[in-house]
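**Student:** Please find one structure pasted underneath; my questions will follow.
2 protein chains.
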Amino acid sequence: MSRLHESIRRVDPIGVGWRERAEARLGQLTKPVRSLGRLEEIAARLCAIQQTVTPRAMPRRIVVFAADHGVAEEGVSAYPSAVTAQMVGNFLHGGAAINALARAAGAEVCIVDTGVAGMIDASATTVAFVSRPVRGGTRNMTKGPAMSEDELRCALDIGLDVADDAARDGVAMIACGEMGIGNTTAASAMTAAFLDAPAGEVTGAGTGIDAETHARKIDVVRRALIANHPRRDPLAILRTVGGFEIAAIAGAYVGAAAHRIAIVGDGFVATAAALVAASLCPPFLDYWFAGHRSPEPGHALQLLFLRQQPLLEFGMRLGEGTGAALAMHVLAAAAAVMNEMATFDSAGVAGRGEAAAYMVGES
Amino acid sequence: MSRLHESIRRVDPIGVGWRERAEARLGQLTKPVRSLGRLEEIAARLCAIQQTVTPRAMPRRIVVFAADHGVAEEGVSAYPSAVTAQMVGNFLHGGAAINALARAAGAEVCIVDTGVAGMIDASATTVAFVSRPVRGGTRNMTKGPAMSEDELRCALDIGLDVADDAARDGVAMIACGEMGIGNTTAASAMTAAFLDAPAGEVTGAGTGIDAETHARKIDVVRRALIANHPRRDPLAILRTVGGFEIAAIAGAYVGAAAHRIAIVGDGFVATAAALVAASLCPPFLDYWFAGHRSPEPGHALQLLFLRQQPLLEFGMRLGEGTGAALAMHVLAAAAAVMNEMATFDSAGVAGRGEAAAYMVGES
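As given, the protein sequences belong to chains R and F, one line each in that order.
If you're matching positions, the first sequence starts at 190 in the working numbering and goes up one per residue.
If you're matching positions, the second sequence starts at 190 in the working numbering and goes up one per residue.
Right, here's the structure in full:
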């Protein structure tokens with residue numbers, strides 16, 4: 190994991206200097222002080238990330254990591270594993286929710302096969318595709334570690350490479366989505382381990398399962414944790430009860446932060462990767478914006494653990510990066526405020542000094 | 190007000206037919222059922238508004254109505270009335286928050302002078318501008334009605350014309366913003382009258398005032414209501430304690446609903462106009478999406494009164510249509526889902542029927 194640790198060392202806290210410069214500029218813009226509320230905080234953070242008072246908002250990139258999960262054979266999902274490869278085909282042909290929402294957000298989409306079990310139809314693709322399967326799915330975590338040390342390193346490296354590519358392409362903001370039948374089960378086990386929470390509290394309905402399947406899923410999470418007892422070591426948790434796509438996201442998260450790229454968080458599975466990144470590297474959170482909160486019970490607990498307030502809450506529980514895609518627009522709008530608004534001086538509008546004089550005169 | 194009442198009669202409840210057709214289509218798209226949460230409800234409502242399952246999201250238009258308020262002479266704002274004309278100049282030259290956020294939202298901006306007191310510099314404008322001042326500001330509502338019957342009709346007609354123009358131009362979604370020093374005082378008085386609430390509960394800090402000015406503002410709202418006692422007659426409230434820009438928004442709201450155009454609500458002042466529209470014409474709310482919730486205490490109460498859940502909550506309290514601009518993206522994303530996603534059949538992805546078979550087989 191030397192490459193990961195090298196990136197971790199390169200993640201700087203964003204510091205107060207640029208944030209204060211951004212706040213000073215926000216105070217000069219033609220609007221009452223702090224009247225754009227949280228949008229101004231986002232703007233200032235974007236400025237500090239990019240070390241400028243005129244942050245870029247383009248290009249935007251959404252990278253969807255796909256992989257299968259051995260644990261799916263326990264019957265924890267409403268869908269069979271075959272759906273992972275089918276949905277990757279759908280991403281590549283532009284017909285999935287993330288394609289529609291990424292286009293609406295003005296973001297490029299890149300799909301990364303990190304370990305899909307089935308055949309992927311990559312003919313006539315309309316989006317970027319990277320095929321780097323670590324293995325045709327993880328091992329069943331109820332019977333031992335989901336992956337080997339070597340496989341974990343491979344998966345993390347995929348994410349680090351994705352971050353390097355984004356930096357090379359000048360990406361201003363990045364989001365990571367995921368697709369993998371069974372991956373909310375992995376995310377539940379990871380969340381239980383990180384938060385030291387009972388399986389029943391962090392295991393939800395995923396893409397939609399009945400009560401019987403839900404009870405089985407909770408049992409599977411419990412058994413995976415007993416079989417692996419990863420304690421609180423972030424990489425041990427990721428390796429034993431995580432997934433290739435979750436590891437790749439963790440790598441991409443740390444790598445993007447090391448490159449000072451703003452990161453938009455997604456749902457429950459992607460946020461399991463944020464638990465890894467934040468535990469290994471606390472300043473990572475300076476670069477990561479919690480995009481939305483899903484109805485998965487574990488997602489709210491993850492965000493509490495990370496002390497992050499989500500930007501949006503629409504009851505979305507699809508993954509793929511869809512929540513992040515919607516939230517990206519908020520960051521873009523914050524950047525627009527910094528770049529496009531006039532100052533009181535330049536617009537010839539009376540500022541608060543004159544207003545104060547007026548108030549004294551009138552009252 | 191015959192023109193207003195004619196529009197009111199033309200506002201149809203959106204009905205369940207198209208909503209059900211949209212929901213049926215949403216169920217065929219390549220995602221677990223209802224996994225996009227509230228975004229799917231928004232999509233279905235957009236479909237019902239436009240009577241299609243492939244709703245348009247363009248063009249989008251944000252109309253900012255500006256006017257001055259006689260009550261500003263009571264010293265209720267942090268800014269002098271002169272700022273209204275200066276900010277209109279800023280809108281026209283593209284330097285205000287609404288310009289930046291409208292561009293980010295892919296929306297056209299149109300500025301309408303409905304009664305600004307000062308001189309507007311309309312040279313070298315970068316956005317559409319309509320000059321139709323009813324009068325150089327309303328009268329001081331603490332001393333009598335803010336406007337005459339005739340002035341109210343003129344202001345409503347401006348909004349109805351704006352809606353007609355939007356329909357002619359095929360606008361898919363519209364938002365109304367406002368600018369007018371003193372207009373949160375008018376909105377507070379209107380809200381107190383509609384909700385039968387004490388002035389102190391619906392009167393906030395507006396663009397940012399100190400405690401002394403806030404106390405004076407509450408007193409001004411009280412005195413305006415005592416001087417005018419408009420009871421609960423919507424048009425009497427609008428006329429006696431409203432404003433030209435608020436009346437124009439009420440007209441535009443009703444007119445847009447009559448033309449089946451989706452409407453994105455903004456902050457406290459614009460929502461005062463929604464109180465008028467919804468009281469006169471309950472089906473109006475089928476067309477109006479509560480864009481955001483501002484920290485103005487009266488805004489939360491207005492939304493409760495209207496039984497609407499805001500899309501966003503970022504502590505924005507600027508007006509101008511800025512909250513609506515940010516929320517417009519959510520509607521656009523919902524439309525993209527309907528227009529751009531593949532169905533399970535067309536994408537060759539296993540749907541829930543096969544999934545159910547799989548579950549039975551595995552467990």
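Cβ coordinates follow ideal geometry from the N, Cα and C atoms, glycine included.
Predicted model only: the values in this text are computed from it and were never measured.
1) Less than 8 Å between the C-beta atoms of residue 201 of chain F and residue 472 of chain F, yes or no?
2) From which residue to which residue does the alpha helix (DSSP H) around residue 390 of chain R run?
3) For residue 192 of chain R, which residues from the same chain have a beta carbon less than 7 Å from its beta carbon, with the 5 sequence-adjacent residues on both sides left out?
4) Is residue 396 of chain R near residue 267 of chain R, with beta carbons less than 8 Å apart?
5) If we ignore side chains and look at the alpha-carbon of each, how far apart do residue 521 of chain R and residue 235 of chain R end up?
6) Of all the residues that make up the stretch 194-223 of chain F, which are near chain R by a beta-carbon distance shorter than 9 Å?
7) Mind checking which residues open and close the beta strand (DSSP E) that includes residue 328 of chain R?
8) Buried or exposed, going by whether 16 or more other CB atoms sit within 10 Å of the CB of residue 493 of chain R?
9) Since residue 497 of chain R meets chain F, which of its residues come closer than 7 Å, beta carbon to beta carbon?
10) Between the Cα of residue 422 of chain R and those of R/382, R/445, R/485, spot the shortest distance and give me the residue it belongs to.
11) Ignore the nearest five residues each way along the sequence and tell me which others in residue 394 of chain R's own chain have a CB closer than 7 Å to its CB.
12) Are residue 300 of chain F and residue 478 of chain F touching if we call contact CB-CB under 8 Å?
13) Skipping 5 residues on each side, what residues in its chain have a beta carbon closer than 6 Å to that of residue 512 of chain R?
14) Please state the DSSP three-state secondary structure of residue 475 of chain R.
15) Checking 8 Å against the spacing of the C-beta atoms, do residue 363 of chain F and residue 277 of chain F come in under that value?
16) Compare the C-beta of residue 476 of chain R against all C-beta atoms of chain F and say whether one is closer than 8 Å.
17) Whose C-alpha, out of R/483, R/303, R/275, is nearest the C-alpha of residue 538 of chain F?
18) If you follow the alpha helix (DSSP H) that residue 433 of chain R is part of, which residue opens it and which one closes it?
19) Locate the alpha helix (DSSP H) running through residue 343 of chain R, then write down its first and last residues.
20) Hey, is residue 488 of chain F's beta-carbon within less than 8 Å of any beta-carbon in chain R?
21) According to a CB-to-CB cut-off of less than 9 Å, which residues of the stretch 383-404 of chain F neighbour chain R?
22) Excluding the 5 residues preceding and the 5 following residue 351 of chain F in the sequence, name in chain order all residues of the same chain whose CB lies nearer than 6 Å to its CB.
23) Is residue 546 of chain F helix, strand or coil when you go by DSSP?
24) For residue 221 of chain R, count neighbouring Cβ atoms within 10 angstroms of its own Cβ and tell me buried if that reaches 16, exposed if not.
25) How about residue 412 of chain R: is its C-beta nearer than 8 Å to some C-beta of chain F?
26) Sort F/413, F/439, F/361, F/333 by Cα distance to residue 342 of chain F and report the nearest one.
27) Can residue 431 of chain F and residue 328 of chain F be called in contact, C-beta distance under 8 Å?
28) Based on Cα-Cα distance, which residue from F/434, F/415, F/518 lies nearest to residue 344 of chain F?
29) If you draw a straight line from the C-alpha of residue 476 of chain R to the C-alpha of residue 203 of chain R, how long is it?
30) Please classify residue 568 of chain F as buried or exposed, where buried requires at least 16 other C-beta atoms within 10 Å of its C-beta.
31) Could you work out which residue in R/462, R/286, R/484 is closest to residue 474 of chain R when comparing CA atoms only?
32) In this structure, what does DSSP give as the bridge partners for residue 250 of chain F?
33) Report yes or no: is there a C-beta of chain F within less than 8 Å of the C-beta of residue 226 of chain R?
34) Looking only at its chain, what residues have a beta carbon closer than 6 Å to the beta carbon of residue 212 of chain R, apart from the 5 residues adjacent to it on each side?
35) What number of angstroms, rounded off, separates the C-alpha of residue 199 of chain R from the C-alpha of residue 516 of chain F?
36) Does any residue of chain F have a CB that is nearer than 8 Å to the CB of residue 329 of chain R?
**Tutor:** Short version:
1) Within the second sequence, residue 201 of chain F is the residue found at index 12, counting from 1. Within the second sequence, residue 472 of chain F is the residue found at index 283, counting from 1. Contact: yes.
2) Position 201 of the first sequence, counting from 1, holds the residue named residue 390 of chain R. Per DSSP, residue 390 of chain R belongs to the alpha helix (DSSP H) from 388-391.
3) Within the first sequence, residue 192 of chain R is the residue found at index 3, counting from 1. Hits under 7 Å: 346, 349.
4) Counting from 1 along the first sequence, the entry for residue 396 of chain R is found at position 207. Counting from 1 along the first sequence, the entry for residue 267 of chain R is found at position 78. Yes; because the gap between Cβ atoms is below 8 Å, this pair is in contact.
5) Here residue 521 of chain R refers to the residue found at position 332 when the first sequence is read from its first residue. Here residue 235 of chain R refers to the residue found at position 46 when the first sequence is read from its first residue. Those two C-alpha atoms are separated by around 10 Å.
6) Against chain R - using a Cβ distance shorter than 9 Å - the residues of the stretch 194-223 of chain F are 218, 219, 220, 221, 222, 223.
7) Residue mapping note: residue 328 of chain R aligns to position 139 of the first sequence, counting from 1. DSSP places residue 328 of chain R in no beta strand (DSSP E); its state is neither H nor E.
8) Looking up residue 493 of chain R in the first sequence gives position 304. Here residue 493 of chain R is exposed, its C-beta having fewer than 16 other C-beta atoms within 10 Å.
9) Start at 1 with the first residue of the first sequence, and residue 497 of chain R comes out as number 308. Listed along the chain, the chain F residues whose CB falls inside 7 Å of the CB of residue 497 of chain R amount to none; the nearest CB is some 15 Å away.
10) Here residue 422 of chain R refers to the residue found at position 233 of the first sequence. Closest option to residue 422 of chain R, Cα to Cα, is R/382.
11) By 1-based counting over the first sequence, the position of residue 394 of chain R is 205. Taken in chain order, the residues that qualify are 403.
12) Locating residue 300 of chain F in the second sequence gives position 111, where the first residue counts as 1. Locating residue 478 of chain F in the second sequence gives position 289, where the first residue counts as 1. With a cutoff of 8 Å on beta-carbon distance, residue 300 of chain F and residue 478 of chain F are scored as not near each other.
13) As a working mapping, residue 512 of chain R is identified with position 323 in the first sequence. Excluding positions up to five away in sequence, the list reads 455, 456, 480, 481, 505.
14) For this step, residue 475 of chain R is matched to residue 286 along the first sequence. Residue 475 of chain R falls in the helix class under three-state DSSP.
15) In the second sequence, residue 363 of chain F corresponds to position 174, counting from 1. In the second sequence, residue 277 of chain F corresponds to position 88, counting from 1. Not closer than 8 Å, so no.
16) In the first sequence, the residue the question calls residue 476 of chain R occupies position 287. Not flagged as an interface residue toward chain F: residue 476 of chain R, since no C-beta distance is shorter than 8 Å.
17) Within the second sequence, residue 538 of chain F is the residue found at index 349, counting from 1. Measuring C-alpha to C-alpha distances from residue 538 of chain F to each of R/483, R/303, R/275 identifies R/275 as the nearest.
18) For the purposes of this step, residue 433 of chain R is taken as residue 244 along the first sequence, with counting starting at 1. Run containing residue 433 of chain R: 433-447, per the alpha helix (DSSP H) assignment.
19) Counting from one through the first sequence, the residue named residue 343 of chain R turns up at place 154. In the DSSP assignment, residue 343 of chain R falls within the alpha helix (DSSP H) that extends over 338-357.
20) Taking the first residue of the second sequence as position 1, residue 488 of chain F is located at position 299. Contacts with chain R at 8 Å (Cβ-Cβ) do not include residue 488 of chain F.
21) Answer set for the stretch 383-404 of chain F: 395, 396, 397, 398, 399, 401, 402.
22) On the second sequence, position 162 is the one that residue 351 of chain F refers to. Within the same chain, residue 351 of chain F has close Cβ partners 252, 441.
23) On the second sequence, residue 546 of chain F is found 357 positions in, with the first residue counted as 1. Here the model assigns residue 546 of chain F a pLDDT of 37, short of 50, so the residue's position is not dependable and the matter cannot be decided.
24) Position 32 of the first sequence, counting from 1, holds the residue named residue 221 of chain R. A residue is called buried when at least 16 other Cβ atoms come within 10 angstroms of its Cβ; residue 221 of chain R meets this threshold and is buried.
25) Residue 412 of chain R sits at position 223 when you count from the first residue of the first sequence. Judged by the 8 Å Cβ criterion, residue 412 of chain R is not in contact with chain F.
26) Locating residue 342 of chain F in the second sequence gives position 153, where the first residue counts as 1. Residue F/439 holds the alpha-carbon nearest to the alpha-carbon of residue 342 of chain F among F/413, F/439, F/361, F/333.
27) Residue numbering aside, residue 431 of chain F sits at position 242 when the second sequence is read from its first letter. Residue numbering aside, residue 328 of chain F sits at position 139 when the second sequence is read from its first letter. Going by C-beta atoms, residue 431 of chain F is not nearer than 8 Å to residue 328 of chain F.
28) Counting from 1 along the second sequence, the entry for residue 344 of chain F is found at position 155. Residue 344 of chain F has its Cα closest to that of F/434, out of F/434, F/415, F/518.
29) Taking the first residue of the first sequence as 1, we reach residue 476 of chain R at position 287. Taking the first residue of the first sequence as 1, we reach residue 203 of chain R at position 14. If I take the Cα positions, the gap works out to 8 Å.
30) Past the boundaries of the shown model lies residue 568 of chain F; chain F is included only from 190 to 552, so the question cannot be answered.
31) Against the first sequence, residue 474 of chain R aligns to sequence position 285. Distance from the Cα of residue 474 of chain R is smallest, within the candidate group R/462, R/286, R/484, for R/462.
32) By 1-based counting over the second sequence, the position of residue 250 of chain F is 61. When DSSP reads this structure, residue 250 of chain F sits in a beta bridge with F/297, F/363.
33) What you label residue 226 of chain R is simply residue 37 of the first sequence in a count that begins at 1. Judged by the 8 Å Cβ criterion, residue 226 of chain R is in contact with chain F.
34) Against the first sequence, residue 212 of chain R aligns to sequence position 23. The residues are 233.
35) Looking up residue 199 of chain R in the first sequence gives position 10. Looking up residue 516 of chain F in the second sequence gives position 327. Distance between the alpha carbons of residue 199 of chain R and residue 516 of chain F: 36 Å.
36) For the purposes of this step, residue 329 of chain R is identified with residue 140 of the first sequence, where counting begins at 1. Chain F contact via Cβ: absent.
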